[in-house]
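Inspection log for the structure reproduced underneath, given as structure tokens.
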Amino acid sequence: MTRVVGPDDISLFTQISGDRNPLHYDAELAASSRFGEIVVQGGVTSAILNAVVAEKLPGPGTVFLNVGWDFKAPVRPGDTITGRVEVIAVREDKPITTLKTSVTRGDGTVVLEGTAVCYTMDLSR
């Protein structure tokens, strides 16, 4: 799945999380940081993986049991990000899958990578 990250994402995530880190709001401070400009919260970056897992693969009824993510590069307002998952293991005794996960910026930079373990509930009833 792909989406453009906008300034509203920072604001909405702040309302949900309370994360008011000045790197997300203070352009002058952010310019003097190693990032060089405003960056979005990591939770905004990783949220696209929630959408991929819940909507595409494994699909509806899926929840994360465990994630191990490394944040490799910043995402800035206006960046296009793409979340990808690949099934790397499936348990035979339970509806549990292990996924290789990544988020990539539009310029091809991998900004997040790692793994996730998911449980998929049967929603057919």
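Under the working numbering, the first residue of the sequence shown is numbered 572, with each subsequent residue one higher.
Every residue gets a Cβ at the ideal spot worked out from N, C-alpha and C, and that includes glycine.
Bear in mind the structure is a predicted one, so any value in this text is a computation, not a measurement.
Item: According to DSSP, residue 605 sits in a beta bridge with which residue or residues?; Value: According to DSSP, which records beta bridges pairwise, residue 605 is partnered with nothing at all.
Item: Leaving out five residues on either side along the sequence, give the residues of the same chain with a beta carbon under 6 Å from the beta carbon of residue 638.; Value: 687
Item: Looking at residue 584: is its Cβ nearer than 8 Å to the Cβ of residue 594?; Value: no
Item: Report all residues from its chain with a CB closer than 6 Å to the CB of residue 634; omit the five preceding and five following residues, and keep chain order.; Value: 690
Item: Taking the Cβ atom as the reference point for each residue, do residue 616 and residue 646 lie within a distance shorter than 8 Å?; Value: yes
Item: The beta strand (DSSP E) that contains residue 637, what's its start and end?; Value: 633-642
Item: Could you give the C-beta distance for residue 654 and residue 625, rounded to a whole number, given that I count them as a contact under 8 Å?; Value: 11 Å between Cβ atoms; not a contact.
Item: Take residue 652 as the anchor and find which of 631, 666, 674 and 598 has the nearest alpha-carbon.; Value: 674
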